[in-house]
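Take the sequence shown: its position 403, counting from 1, is numbered 811 in my numbering, and each next residue is one higher. Here a beta-carbon is modelled for each residue, glycine too, at the ideal position from N, C-alpha and C.
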Amino acid sequence: MAERAAAEEFTGAQSLVKSLEQVGADTVFGIPGGAILPAYDPLYDSASVRHILVRHEQGAGHAAEGYAMVTGKVGVCMATSGPGATNLVTPIADAHMDSVPMVAITGQVAGPSIGTDAFQEADIRGITMPITKHNFLVTRPEDIPEAIASAFHIAGTGRPGPVLVDITKDALQARSSFTWPRQLNLPGYRPVTKPHGKQVREAAKLISESSRPVLYVGGGVSKARAAAELKELAELTGIPVVTTLMALGVFPDSHPQNMGMPGMHGTVPAVGALQRADLLIALGTRFDDRVTGQLSTFAPLAKVIHADIDPAEISKNRLADVPIVGDCKEVIAELTSLLRASDALPDVTEWARYLHDLKRRYPTGFDFPEDARLLSPQHVIKRIGELTGPDAYYAAGVGQHQMWAAHYLPFEIPGRWLNSGGLGTMGYCVPAAMGAKVGRPDSIVWGIDGDGCFQMTNQELVTCALEGIPVKIAVINNQSLGMVRQWQTLFYEGRYSNTDLKTNRIPDFPKLAEAMGCVGLRAEDPEDVDSVIEKALSINDVPVVVEFVVHKDAMVWPMVAAGSSNDAIKYARDMAPNWEEEIL
Numbered sequence: 409m410a411e412r413a414a415a416e417e418f419t420g421a422q423s424l425v426k427s428l429e430q431v432g433a434d435t436v437f438g439i440p441g442g443a444i445l446p447a448y449d450p451l452y453d454s455a456s457v458r459h460i461l462v463r464h465e466q467g468a469g470h471a472a473e474g475y476a477m478v479t480g481k482v483g484v485c486m487a488t489s490g491p492g493a494t495n496l497v498t499p500i501a502d503a504h505m506d507s508v509p510m511v512a513i514t515g516q517v518a519g520p521s522i523g524t525d526a527f528q529e530a531d532i533r534g535i536t537m538p539i540t541k542h543n544f545l546v547t548r549p550e551d552i553p554e555a556i557a558s559a560f561h562i563a564g565t566g567r568p569g570p571v572l573v574d575i576t577k578d579a580l581q582a583r584s585s586f587t588w589p590r591q592l593n594l595p596g597y598r599p600v601t602k603p604h605g606k607q608v609r610e611a612a613k614l615i616s617e618s619s620r621p622v623l624y625v626g627g628g629v630s631k632a633r634a635a636a637e638l639k640e641l642a643e644l645t646g647i648p649v650v651t652t653l654m655a656l657g658v659f660p661d662s663h664p665q666n667m668g669m670p671g672m673h674g675t676v677p678a679v680g681a682l683q684r685a686d687l688l689i690a691l692g693t694r695f696d697d698r699v700t701g702q703l704s705t706f707a708p709l710a711k712v713i714h715a716d717i718d719p720a721e722i723s724k725n726r727l728a729d730v731p732i733v734g735d736c737k738e739v740i741a742e743l744t745s746l747l748r749a750s751d752a753l754p755d756v757t758e759w760a761r762y763l764h765d766l767k768r769r770y771p772t773g774f775d776f777p778e779d780a781r782l783l784s785p786q787h788v789i790k791r792i793g794e795l796t797g798p799d800a801y802y803a804a805g806v807g808q809h810q811m812w813a814a815h816y817l818p819f820e821i822p823g824r825w826l827n828s829g830g831l832g833t834m835g836y837c838v839p840a841a842m843g844a845k846v847g848r849p850d851s852i853v854w855g856i857d858g859d860g861c862f863q864m865t866n867q868e869l870v871t872c873a874l875e876g877i878p879v880k881i882a883v884i885n886n887q888s889l890g891m892v893r894q895w896q897t898l899f900y901e902g903r904y905s906n907t908d909l910k911t912n913r914i915p916d917f918p919k920l921a922e923a924m925g926c927v928g929l930r931a932e933d934p935e936d937v938d939s940v941i942e943k944a945l946s947i948n949d950v951p952v953v954v955e956f957v958v959h960k961d962a963m964v965w966p967m968v969a970a971g972s973s974n975d976a977i978k979y980a981r982d983m984a985p986n987w988e989e990e991i992l
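Rendered as structure tokens:
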């Protein structure tokens with residue numbers, strides 16, 4: 409009997425791998441190291457969990473985000489203690505800001521060594537406390553299954569987000585029986601998904617009484633998989649729609665009711681819709697400062713219906729007249745049902761006419777460079793979208809290229825857009841695209857990156873080449889940190905302090921791509937743009953990097969200066985000839 413009992417025991421490391429198999433995790437992005445090393449031995453034998461060896465832990469975290477974004481599953485990354493764990497802090501914070509379901513598993517020094525400043529010790533639980541939904545420190549092998557089950561449940565339910573599981577090395581090495589929890593002991597964690605009927609009725613009443621309502625749609629609608637419900641509500645009522653940076657694609661760009669993206673670099677009709685509205689129907693959005701501008705002047709005439717699955721977001725920045733806690737899919741469906749049954753739909757005819765006039769007068773366009781030999785970055789990104797189509801997945805870095813991608817890529821299908829919205833993480837693009845391609849191997853995945861962002865995490869292209877992950881990366885090379893340079897042009901009298909990357913082919917991006925096992929291409933002449941994109945689209949067995957050498961004076965328009973009222977939105981198509989033009 410003793411021999412049989414011993415045979416049924418597992419190391420904590422084996423329990424960890426069995427737990428990952430139990431929750432259905434099929435992919436882990438990570439790098440081994442001393443404290444986590446025991447986990448890598450049973451992982452070697454797993455038939456259902458694929459481990460992808462990245463080149464930097466930050467890449468593992470962003471790849472897990474990309475995987476989660478396109479699959480709807482919880483992304484998983486793994487790292488060792490100390491610097492391995494701290495290198496995950498940026499993607500964990502990124503996932504926290506953008507509500508991405510992710511579980512980060514880290515090794516920790518042995519329990520008796522905690523607090524002694526042991527080799528590669530870091531209090532990663534304390535470090536990540538403000539940027540996780542929850543985190544665990546596991547010191548006993550028998551606690552591993554419940555910690556993993558709880559972590560996946562917390563990460564993927566309610567408002568999604570990252571959860572950290574830190575496991576001591578001695579817990580991974582010690583033996584115990586494996587017991588999968590029949591139910592989870594999570595006192596206090598009960599996400600509300602069904603909205604309160606009285607609040608939904610109050611919302612329907614406000615909508616029926618409004619004359620200038622706007623559906624202000626955030627990433628929570630995308631997370632709730634509520635695109636169909638949103639379209640039904642919008643078409644039933646005729647109410648104009650604005651979709652934030654995190655919600656692009658959840659309502660088709662081509663739909664006549666879509667006014668575009670609001671915010672600092674939003675469209676004029678989207679910003680105008682929010683500023684002149686008498687009712688904001690805010691769905692799964694958090695009134696971010698990049699959308700509101702100077703908060704005290706945001707939508708000054710509007711009452712607010714605010715629906716969100718996270719009660720902490722409601723009335724955090726803007727007081728809600730009607731607060732609704734619940735899953736956006738259920739909220740929108742109930743609201744639509746009530747409005748359909750009533751005879752009191754709002755008359756938005758004049759309101760829609762005003763906004764469509766703004767749309768006609770201030771289209772989101774761009775001018776080509778005066779020097780016809782130079783590439784327009786906006787044109788490059790627009791052609792990538794037109795030649796590839798809306799079915800592809802598009803990941804972006806952070807900066808000017810991100811905003812141009814938001815304006816000029818074809819967002820017709822929900823869930824096709826990946827970017828770092830809340831944290832604004834340079835270096836997000838390449839590993840996120842990698843994770844997206846792993847999650848959707850049969851789809852085209854483009855990364856739209858800048859030359860600054862690309863140089864932060866491009867080493868993950870080695871991972872892509874070795875693991876057979878054929879992403880396509882467009883490097884929009886303007887030889888500068890473009891968005892910062894734009895601010896220096898507008899607000900610092902053109903004093904370009906430390907924004908000129910002075911590349912002069914250092915690095916030579918196509919050669920760098922070739923050195924990492926990818927195909928490297930370059931376009932410098934406007935006549936080559938389409939042919940180079942088509943060449944990249946024709947290569948589907950290895951990663952492709954395309955450098956587009958664009959002019960450095962292109963700017964992102966429209967623009968609301970940081971801290972200003974949205975009423976001060978400025979519209980210009982090139983350097984700044986209309987910078988002082990008053991619009992709204």
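Within this structure, are the beta carbons of residue i and residue j separated by less than 7 Å?
i: residue 888; j: residue 869; result: no
i: residue 652; j: residue 626; result: yes
i: residue 498; j: residue 466; result: yes
i: residue 648; j: residue 766; result: no
i: residue 808; j: residue 964; result: yes
i: residue 444; j: residue 875; result: no
i: residue 493; j: residue 473; result: no
i: residue 630; j: residue 611; result: no
i: residue 423; j: residue 553; result: yes
i: residue 635; j: residue 822; result: yes
i: residue 741; j: residue 637; result: yes
Starting from residue i, trace the beta strand (DSSP E) both ways and give me its first and last residue.
i: residue 716; result: 711-716
i: residue 485; result: 483-487
i: residue 941; result: Careful: residue 941 lies outside any beta strand (DSSP E), inside the alpha helix (DSSP H) at 937-946.
i: residue 578; result: First-last for residue 578: 577-581, but that is the alpha helix (DSSP H), not the beta strand (DSSP E).
i: residue 534; result: Here residue 534 belongs to no beta strand (DSSP E); instead the alpha helix (DSSP H) covers 532-536.
i: residue 460; result: 458-461
i: residue 367; result: Residue numbering for the chain in the displayed model covers 409 to 992; residue 367 lies beyond these limits and cannot be assessed.
Quick check: the Cα distance between residue i and residue j, rounded to an integer number of angstroms?
i: residue 496; j: residue 956; result: 31 Å
i: residue 984; j: residue 594; result: Per-residue confidence for residue 984 stands at a pLDDT of 46, beneath the threshold of 50, marking its modelled position as unreliable; no derived number is given.
i: residue 974; j: residue 688; result: 15 Å
i: residue 914; j: residue 920; result: 10 Å
i: residue 800; j: residue 890; result: 26 Å
i: residue 748; j: residue 644; result: 7 Å
i: residue 934; j: residue 966; result: 24 Å
i: residue 863; j: residue 835; result: 8 Å
i: residue 416; j: residue 539; result: 38 Å
i: residue 411; j: residue 535; result: Confidence is the limiting factor: at residue 411 the pLDDT is only 37, short of 50, which leaves the residue's position unreliable, though a coordinate-based value still follows. C-alpha separation (whole angstroms): 43 Å.
i: residue 849; j: residue 478; result: 11 Å
i: residue 838; j: residue 831; result: 16 Å
i: residue 877; j: residue 924; result: 13 Å
i: residue 780; j: residue 941; result: 19 Å
i: residue 705; j: residue 724; result: 16 Å
i: residue 854; j: residue 789; result: 11 Å
i: residue 982; j: residue 900; result: Confidence at residue 982 is low in this model, with a pLDDT of 44, below 50, so the placement of that residue is unreliable and no value is reported for it.
Residue i lies in the alpha helix (DSSP H); which residues open and close that run?
i: residue 510; result: Careful: residue 510 lies outside any alpha helix (DSSP H), inside the beta strand (DSSP E) at 510-516.
i: residue 522; result: Taken as a continuous stretch (DSSP letters only), residue 522 belongs to no alpha helix (DSSP H), as it is neither H nor E.
i: residue 968; result: Where residue 968 is concerned, there is no enclosing alpha helix (DSSP H), given that its DSSP letter is neither H nor E.
i: residue 688; result: Careful: residue 688 lies outside any alpha helix (DSSP H), inside the beta strand (DSSP E) at 687-691.
i: residue 819; result: Here residue 819 belongs to no alpha helix (DSSP H), and DSSP marks it neither H nor E.
i: residue 918; result: 917-923
i: residue 732; result: Residue 732 -> not in any alpha helix (DSSP H); beta strand (DSSP E) instead, spanning 730-733.
i: residue 902; result: It is not in any alpha helix (DSSP H) - residue 902 carries neither H nor E in the DSSP assignment.
i: residue 720; result: Note, residue 720: premise wrong, no alpha helix (DSSP H); not H, not E.
i: residue 930; result: Segment 927-931 is the beta strand (DSSP E) holding residue 930; no alpha helix (DSSP H) there.
Exercise for the section: Quick one: which unbroken beta strand (DSSP E) runs of 3-plus residues sit fully inside the segment 822-894? Chain order, please. Expected result: 853-858 and 880-885
Practice task
Would you be able to state if there are at least three C-beta pairs under 8 Å between the segment 841-860 and the segment 882-898?
Solution key: yes
Exercise for the section: Could you pull out every unbroken alpha helix (DSSP H) segment of at least 4 residues lying fully inside the segment 763-807, listed in chain order? Expected result: 785-796
Problem - Sufficient close CB pairs (3 or more, under 8 Å) joining the segment 470-488 to the segment 580-588 - result: no
Practice task
Could I get the ranges of all uninterrupted beta strand (DSSP E) runs contained in the segment 544-612, with 3 residues as the minimum, in chain order?
Solution key: 570-576 and 583-585
Handout entry: Segment contact flag, the segment 742-762 with the segment 621-641, C-beta cutoff 8 Å, min 3 pairs
Key = yes
Handout entry: Validate contact between the segment 709-720 and the segment 679-688 using beta carbons, cut 8 Å, 3 pairs
Key = yes
Handout entry: contact_flag[the segment 724-738, the segment 592-611] where n(CB pairs < 8 Å) is 3 or more
Key = yes
Practice task
Say whether the segment 507-519 touches the segment 839-851, bearing in mind that this needs 3 or more beta-carbon pairs closer than 8 Å, one atom from each stretch.
Solution key: no
Practice task
Ignoring anything shorter than 4 residues or poking outside the segment 627-693, list the alpha helix (DSSP H) runs there in chain order.
Solution key: 627-631, 635-645 and 676-684
Exercise for the section: Any chance you could list the alpha helix (DSSP H) runs of at least 4 consecutive residues sitting entirely within the segment 412-476, in chain order? Expected result: 420-430 and 445-451
Practice task
Report yes or no: do the segment 418-436 and the segment 820-835 share at least 3 C-beta pairs separated by less than 8 Å?
Solution key: no
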